[in-house]
Amino acid sequence: MAAIKPNISLVGPTESAATDSAPRRLVVDAQNISLTFETADGKVEALSKVGLQVAEGEFVSFIGPSGCGKTTMLRVIADLQQPTSGTLLVNGMSAEEARLACGYGYVFQAPALFPWRTIEKNLKLPLEIMGFSEAEQQKRVEHYLSLVNLNGFERKFPWQLSGGMQQRVSIARALSFDPALLLMDEPFGALDEIVRDHLNEQLLQLWRTMGKTVLFVTHSIPEAVFLSSRIVVMSPRPGRIIDVIDCDFPPDRSLEIRETPEFLKIAQRVRTGLRAGHSYDE
Amino acid sequence: MDPRKFRLGLLFATAAIALSFVAPLAPGVPSLLARPGLWQAAALAGALFLAAAWFADARAIVPGLAGVIAAAIVSLLLLHDSNIAGNATAGFWSIVTAAWLAAAMCVVALAALRPVRKERRRLINILVPLLFGATVFYLWEVAVRGFGVPPVIFPSPSAAALRFAASLPTLAADFNQTFIKGVLIGYAIGCGAGLLVAILAHRFEFLGRGLLPLGNFFSALPLVGIAPIMVMWFGFDWPSKAAVVALVTFFPMLVNAIAGLSAAGHIERDLMRSYAASHRQSLTKLYLPAALPFIFNALKINATLALIGAIVAEFFGTPTQGIGFRISTEAGRMAIDMVWAEIALAALAGMAFYGFVTLAERATTFWHPSYRT
Amino acid sequence: MTSNSLALGGVSPRRLSHHPLVERYAPVITTVLALVAIWYIAAVAMNWTLVRDGFEREETPYTVSDVLAGTMDAERPLLPAPHQIASNFFDTVFGYPPLAPRSLVYHSLVTLSATLLGFLLGGVFGIVLALLIVHSRVLERSLLPWIICSQMVPILALAPIFIVVLGALGLHGLLPKAIISAYLCFFPIAIGMVKGFTSPDLLQIELMRTWSATPRQVLWKLRWPAAVPFLFASLKVAITISLIGAIVAELPTGAEAGIGARLLAGSYYGQTVQLWSALVAAAVLSWGLITIVGLVERGVNRSMGAR
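Protein chains in written order, with the numbering used here: chain D, 1 to 282; chain A, 283 to 655; chain B, 656 to 962.
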């Protein structure tokens, strides 16, 4: 069993990732987040004193086995769940205020498109709720659909699209109201490998051109290493951070990078962290 | 089906036709051969059956059905002879048997067909029950008139149809009273109120948890029994019937709408939360559309319940018109053919109402997986 | 990880309002109490003019509290108070020997016998019909559409015809009512059982075929167990309809015994409280029958391994 630093309490952005010398704005500032809930079998500590700081423009992946708290952490940041203790600032305000100010877009594991709405109307859903004008809505629909390469599908219904295309619509929908933060919970988990590779490339390109901050939960080691500027490895019972790995691959990387030794080294480090976290359950 | 059984059946039909030429149609009446036109038609039927028996596969259906029609027409025309009607014997019944047997064979053969093209399949899906129903009606007609069943007990379909056509003004007035005033108004009130209360129960969880068990309890009760009380409160005329219909339709809508409003998935609910949507926005954009399949389920159930409720409520007392009123008074007067005409009216109204709701359902819930198989 | 399905928030202190029994029953009890309160208020409001006019006709002096008391105890109220109905109900149920013509138990038994007989006949016929439809393509394609169509027809409207026709044929009393009830409840049972018998997955049927199972074996080992939930769901619907049918069947001929007869008599003679008692009796019967079916269902489910 390799020596692992359990329960890293503060994780911040490293200087090497930034090319400009000015400190970047913190989009997420979480300190000592804990979440315990009651089940029929007693208390479960989903998160135990997790600390995290994410600067603007980073792409941070959370990876870990089932039950390690990565989705819970994302939902806490999104104010979809409340922590039992700890402090959390999103965009400089509380999580609830950030949610009410529509500060983030959330992409779920399933596309969650409304089957009774066309693709166009599905994209307009958040815009209608947030009160954008008709003209503005139309403009944004066209812009973001072309961003995910789905022009021409406005009048189709979700079931007429494949799973990968639906998920692209879901991403476009999350971007449509220009949030600074993008939260993605295993968005490509249900898709086959070929589609997944294609979508990984598209997501990377989107991130590069739009400069958003992305928090990305995944099961897949290659996906995490390929996409991220920082990887957070978590382990379960209690949910905590095992390791944090910085990646600084060139921004215009392609999928071929997955065969390079640097990539494999990082992937190996991730895998070791995962295995170590798991071994506490023996 | 087994071609040998098919051929055997059709051969029996041919034999039956042959028998009708020699056996007496009724005591003391001229035989079939003495009737010009009729015996040629019967002979044609026999020939068609023979041809069908020779094919004994899918090609036999057309000549088989043609023969059935010919034989049926012969038997119906024979019934116009008042000496035969009521006294029919072997000769007559063998024609009927031939028609029935051949029809049954053709229905079975049609049902066994499995055409590849969708339109053909749909055609057969409609044709089989239609033929089956037509055969039943034919047998009913022939049996009632051939055996001379007193119309008091059972009128023939033709007599009922004639009475229907002759009583259109009365039927229209009854329809207006029962359906337009009683059913439609009560249905609108009951379903509307059920939906509103369900929306409130969805908004206020405590109310929902209290109302749902009660709703289930009341759905199972014989609520039509409330009719005499409604008469006491609202008088004999249509408002009391509408009140009964409203009460009867309220509970199924309440129960189904509550179920439907909770049908939206967790992920979709989280999505609305992430947009900081107000409760009203979530209701109109997520919960109500997701609940539509359940709401339409209740609307369809209520369509039948409403009609039954209005008619039964009229059994308890009604001024001078209405489907239920007419049925109970005409039944008391033993005018059974009028009763059947009213029932036919109620059946047509019921099917039209249900069909209308189904069309509306298909238009608004086309997106539901159950339509996309 | 599906934390989506887990409870929101963390640990909450254990308070009385979080006790599972309270949480389960408090809403229903509160709603029932609220409804009873509304009923009392409505009774006062609706009977007020009636009682006040009664006092004025008799030219007796009265106060507001007299009228109030009167609304709770009127002889022919527009809306009887709950305690009035309750006392009449208990009087007619326990106050007479069970088979006396004035006992509500007697009338309930008359209706119940027709209901149960009709339910039995209808149930058997419905199941047999379902079996035939499932095993014969011809019957399925020719008969099933008619059965579905007939559900849109107000079948209860046929009750008077049946009674009259059967009466003309010499059948009176229990049998015509039972036949109407049977006719009403065989449709939901037939449709429910067709759905149930055809509910097994294609995979399961193919598995039976790999074992060369005969149709009868497939029926007993696969189709029947798969159809059990559908059976009980349609039995519950059928027994309710059977009861309604028995009650409605008592109307056309002006029968003298049975809950329908009580309803009719109550409405003809203006005996409001008696009417409401009969309704309560019908409700008790209905609820009781469904509970019995539910208990049988639970027993069968337990023997089939459900928790």
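Idealized CB from N, CA, C, for every residue including glycine.
Can you tell me the Cα-Cα spacing of residue i and residue j, whole angstroms?
i: residue 425 of chain A; j: residue 349 of chain A; result: 20 Å
i: residue 692 of chain B; j: residue 702 of chain B; result: 16 Å
i: residue 150 of chain D; j: residue 165 of chain D; result: 8 Å
i: residue 640 of chain A; j: residue 652 of chain A; result: 14 Å
i: residue 685 of chain B; j: residue 868 of chain B; result: 56 Å
i: residue 336 of chain A; j: residue 289 of chain A; result: 7 Å
i: residue 628 of chain A; j: residue 451 of chain A; result: 15 Å
i: residue 851 of chain B; j: residue 478 of chain A; result: 34 Å
i: residue 844 of chain B; j: residue 880 of chain B; result: 16 Å
i: residue 96 of chain D; j: residue 519 of chain A; result: 58 Å
i: residue 522 of chain A; j: residue 604 of chain A; result: 13 Å
i: residue 300 of chain A; j: residue 383 of chain A; result: 14 Å
i: residue 119 of chain D; j: residue 218 of chain D; result: 26 Å
i: residue 273 of chain D; j: residue 233 of chain D; result: 7 Å
i: residue 69 of chain D; j: residue 276 of chain D; result: 16 Å
i: residue 231 of chain D; j: residue 860 of chain B; result: 49 Å
i: residue 793 of chain B; j: residue 390 of chain A; result: 6 Å
i: residue 7 of chain D; j: residue 50 of chain D; result: Per-residue confidence for residue 7 of chain D stands at a pLDDT of 44, beneath the threshold of 50, marking its modelled position as unreliable; no derived number is given.
i: residue 421 of chain A; j: residue 370 of chain A; result: 14 Å
i: residue 766 of chain B; j: residue 937 of chain B; result: 9 Å
i: residue 665 of chain B; j: residue 106 of chain D; result: Only weak support is given to the placement of residue 665 of chain B: the predicted model assigns it a pLDDT of 42, under 50, and the question is left unresolved by the model.
i: residue 487 of chain A; j: residue 928 of chain B; result: 35 Å
i: residue 796 of chain B; j: residue 412 of chain A; result: 10 Å
Going by the CB atoms, is the gap between residue j and residue i shorter than 8 Å?
i: residue 620 of chain A; j: residue 819 of chain B; result: no
i: residue 368 of chain A; j: residue 468 of chain A; result: no
i: residue 903 of chain B; j: residue 418 of chain A; result: no
i: residue 588 of chain A; j: residue 465 of chain A; result: yes
i: residue 245 of chain D; j: residue 235 of chain D; result: no
i: residue 806 of chain B; j: residue 460 of chain A; result: no
i: residue 45 of chain D; j: residue 36 of chain D; result: yes
i: residue 84 of chain D; j: residue 34 of chain D; result: yes
i: residue 63 of chain D; j: residue 270 of chain D; result: yes
i: residue 376 of chain A; j: residue 470 of chain A; result: no
i: residue 52 of chain D; j: residue 90 of chain D; result: no
Between residue i and residue j, how many whole angstroms is the CB-CB distance? I'm expecting something under 8 Å.
i: residue 897 of chain B; j: residue 773 of chain B; result: 5 Å
i: residue 323 of chain A; j: residue 356 of chain A; result: 5 Å
i: residue 914 of chain B; j: residue 933 of chain B; result: 5 Å
i: residue 125 of chain D; j: residue 173 of chain D; result: 7 Å
i: residue 565 of chain A; j: residue 481 of chain A; result: 7 Å
Can you tell me where the beta strand (DSSP E) with residue i in it begins and where it stops?
i: residue 86 of chain D; result: 85-90
i: residue 149 of chain D; result: No beta strand (DSSP E) contains residue 149 of chain D, which DSSP labels as neither H nor E.
i: residue 34 of chain D; result: 26-39
i: residue 181 of chain D; result: 181-185
i: residue 512 of chain A; result: Note, residue 512 of chain A: premise wrong, no beta strand (DSSP E); alpha helix (DSSP H) at 509-516.
i: residue 246 of chain D; result: 240-246
i: residue 344 of chain A; result: Note, residue 344 of chain A: premise wrong, no beta strand (DSSP E); alpha helix (DSSP H) at 343-360.
Would you mind reading off the limits of the alpha helix (DSSP H) that contains residue i?
i: residue 58 of chain D; result: Counting along the chain, residue 58 of chain D falls outside any alpha helix (DSSP H), and DSSP gives it neither H nor E.
i: residue 848 of chain B; result: 829-852
i: residue 950 of chain B; result: 927-958
i: residue 73 of chain D; result: 70-77
i: residue 746 of chain B; result: 737-749
i: residue 695 of chain B; result: 675-713
i: residue 230 of chain D; result: Segment 230-235 is the beta strand (DSSP E) holding residue 230 of chain D; no alpha helix (DSSP H) there.
i: residue 105 of chain D; result: Premise fails: residue 105 of chain D lies in the beta strand (DSSP E), 104-107, not in any alpha helix (DSSP H).
Output yes if chain E places a C-beta closer than 8 Å to the C-beta of residue i; else output no.
i: residue 343 of chain A; result: Protein chains in the displayed structure are D, A and B, and chain E is not among them.
Any residues in the stretch 467-487 of chain A with a beta carbon nearer than 8 Å to a beta carbon of chain D? Which ones, in chain order?
none
Give the residues from the stretch 910-921 of chain B that approach chain A closer than 9 Å (Cβ to any Cβ), ordered along the chain.
914, 915, 918, 919, 921
Got a sec: which bits of the stretch 411-423 of chain A sit with their beta carbon under 8 Å from any beta carbon on chain B, in order along the chain?
411, 413, 414, 415
Report the residues of the stretch 764-797 of chain B with a CB closer than 7 Å to any CB of chain A, ordered along the chain.
792, 793, 796, 797
Of all the residues that make up the stretch 94-108 of chain D, which are near chain A by a beta-carbon distance shorter than 9 Å?
Within the stretch 94-108 of chain D, the residues whose Cβ lies closer than 9 Å to some Cβ of chain A are 99, 100, 101, 102, 104, 105, 106, 108, listed in chain order.
Identify each residue in the stretch 599-613 of chain A for which the Cβ-Cβ distance to at least one residue of chain B is less than 8 Å, and report them in chain order.
599, 605, 606, 609, 610, 613
Scan the stretch 538-570 of chain A for residues whose Cβ lies nearer than 9 Å to a Cβ of chain B and list them as they occur along the chain.
Of all residues in the stretch 538-570 of chain A, only 548, 549, 552 come within less than 9 Å of chain B when Cβ atoms are compared, listed by chain position.
Can you give me, in chain order, the residues of the stretch 124-144 of chain D that have a beta carbon less than 8 Å from any beta carbon in chain A?
If you check each beta-carbon in the stretch 124-144 of chain D against every beta-carbon of chain A, the ones closer than 8 Å belong to 125, 126, 128, 129, 130.
Against chain D, which members of the stretch 374-407 of chain A pass a CB distance test of less than 7 Å?
If the cut-off is 7 Å between Cβ atoms, the stretch 374-407 of chain A has nothing near chain D.
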